[in-house]
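Following: one structure in structure tokens, then a few remarks.
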Amino acid sequence: MALSATLHCLTGCAVGEIAGLMIGTAVGLANGWTIALSIALAFFFGFTLSSLPLLRAGLTLGATLSVVVAADTLSIATMEVVDNAVMAVIPGAMDAGLVNVVFWVGMMISLAAAFAAAYPVNRHLLQRGKGHALTHEYHGSSPATTGWRRFVPDLATSTLAVALIAFMLGGLVVSVADAQSADGPDASTTGHQNAPEIHD
46 MALSATLHCL TGCAVGEIAG LMIGTAVGLA NGWTIALSIA LAFFFGFTLS SLPLLRAGLT
106 LGATLSVVVA ADTLSIATME VVDNAVMAVI PGAMDAGLVN VVFWVGMMIS LAAAFAAAYP
166 VNRHLLQRGK GHALTHEYHG SSPATTGWRR FVPDLATSTL AVALIAFMLG GLVVSVADAQ
226 SADGPDASTT GHQNAPEIHD
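Numbering of the sequence shown is given in this note's numbering, commencing with residue 46 and proceeding in unit increments.
Shown next, in the form of structure tokens:
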């Protein structure tokens, strides 16, 4: 259960973290502001994803938020501290553009480190009936939803994880392709410049 709980928490955190870093690098924010934005969005998306099954199960918004905040705050905080610390120490990762291999490789490394750090935290909480143990009964349940609750998305953690991995791999592939295409014209131009002139 600790593994699935950590993966569930990671998906929400990763969405916010990637969005924050993408926005920060795109608009040229300073590293401190980029990290602050990433953390805020990670908590927002992490809490949001954890709230969906509780809302579908019939809990009120107030009850949902109180349960989710109690269950996920420590796990998300652990992930964010580790994730941002790793990104900060990887040379050039925070300042790399979105179409840059360093950005995507750094993101993958930092998220893997965050997962490894949060796993024992979640296991410790679950063993004491805390953390995701507070929300586990609502995950995977299929109550007869009525009214507006029918429109609350029922998102599987595995589906989100696969989509997230595909997105990150896509960003990495685009970055590699962009780097290769940037090298191509330079090499071609250099070749023409170095070619000997032929006179009639």
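Beta carbons: idealized from backbone N, C-alpha and C, even for Gly.
Cα-Cα separation, residue i to residue j
{"i": "alanine 115", "j": "aspartate 223", "result": "44 Å"}
{"i": "glutamine 225", "j": "cysteine 58", "result": "31 Å"}
{"i": "leucine 110", "j": "methionine 213", "result": "29 Å"}
{"i": "alanine 163", "j": "threonine 204", "result": "20 Å"}
{"i": "alanine 75", "j": "glycine 69", "result": "8 Å"}
{"i": "methionine 124", "j": "methionine 153", "result": "13 Å"}
{"i": "threonine 56", "j": "glycine 73", "result": "25 Å"}
{"i": "glycine 65", "j": "glycine 174", "result": "32 Å"}
{"i": "glycine 142", "j": "isoleucine 135", "result": "14 Å"}
{"i": "proline 198", "j": "cysteine 54", "result": "17 Å"}
{"i": "tryptophan 149", "j": "alanine 71", "result": "14 Å"}
{"i": "threonine 234", "j": "glycine 215", "result": "Confidence at threonine 234 is low in this model, with a pLDDT of 48, below 50, so its placement is unreliable and the value that follows should be read with caution. About 29 Å."}
{"i": "alanine 159", "j": "asparagine 167", "result": "12 Å"}
{"i": "alanine 102", "j": "alanine 47", "result": "22 Å"}
{"i": "glutamate 62", "j": "alanine 211", "result": "16 Å"}
{"i": "alanine 227", "j": "glycine 77", "result": "30 Å"}
{"i": "glycine 107", "j": "aspartate 140", "result": "39 Å"}
{"i": "alanine 104", "j": "serine 155", "result": "Per the sequence shown, the amino acid found at residue 104 is leucine instead of alanine. Their Cα atoms are separated by approximately 34 Å."}
{"i": "leucine 86", "j": "alanine 157", "result": "19 Å"}
{"i": "alanine 133", "j": "glutamine 172", "result": "32 Å"}
{"i": "proline 165", "j": "threonine 79", "result": "27 Å"}
{"i": "glycine 192", "j": "valine 147", "result": "47 Å"}
{"i": "alanine 161", "j": "alanine 81", "result": "22 Å"}
{"i": "valine 207", "j": "methionine 67", "result": "20 Å"}
{"i": "leucine 41", "j": "serine 49", "result": "Absent from the structure is residue 41, since the part of the chain shown begins at 46 and ends at 245."}
Contact under 8 Å by Cβ, residue i with residue j
{"i": "alanine 138", "j": "glycine 151", "result": "yes"}
{"i": "leucine 97", "j": "leucine 170", "result": "no"}
{"i": "valine 126", "j": "phenylalanine 92", "result": "no"}
{"i": "threonine 202", "j": "leucine 100", "result": "no"}
CB-CB length for residue i against residue j, believed under 8 Å
{"i": "leucine 217", "j": "valine 60", "result": "Not a contact, Cβ separation roughly 17 Å."}
{"i": "serine 95", "j": "aspartate 128", "result": "Wrong, their Cβ atoms sit about 18 Å apart, outside the cutoff."}
{"i": "serine 220", "j": "asparagine 145", "result": "6 Å"}
{"i": "isoleucine 121", "j": "phenylalanine 89", "result": "Isoleucine 121 to phenylalanine 89, Cβ: 10 Å. No contact."}
Distance cut-off 7 Å: residue i Cβ against heavy atoms of the ligand MG
{"i": "proline 98", "result": "As far as ligands go, the structure on display features none, and thus does not contain the ligand MG."}
Cβ of residue i within 8 Å of any chain C Cβ
{"i": "serine 96", "result": "No chain C is part of this structure, which consists of one protein chain only."}
Can you give, in chain order, each stretch of the alpha helix (DSSP H) that sits fully within the stretch 90–172 and has at least 4 residues?
106–134, 146–172
Contiguous beta strand (DSSP E) assignments of at least 3 residues, all confined to the stretch 60–93
none
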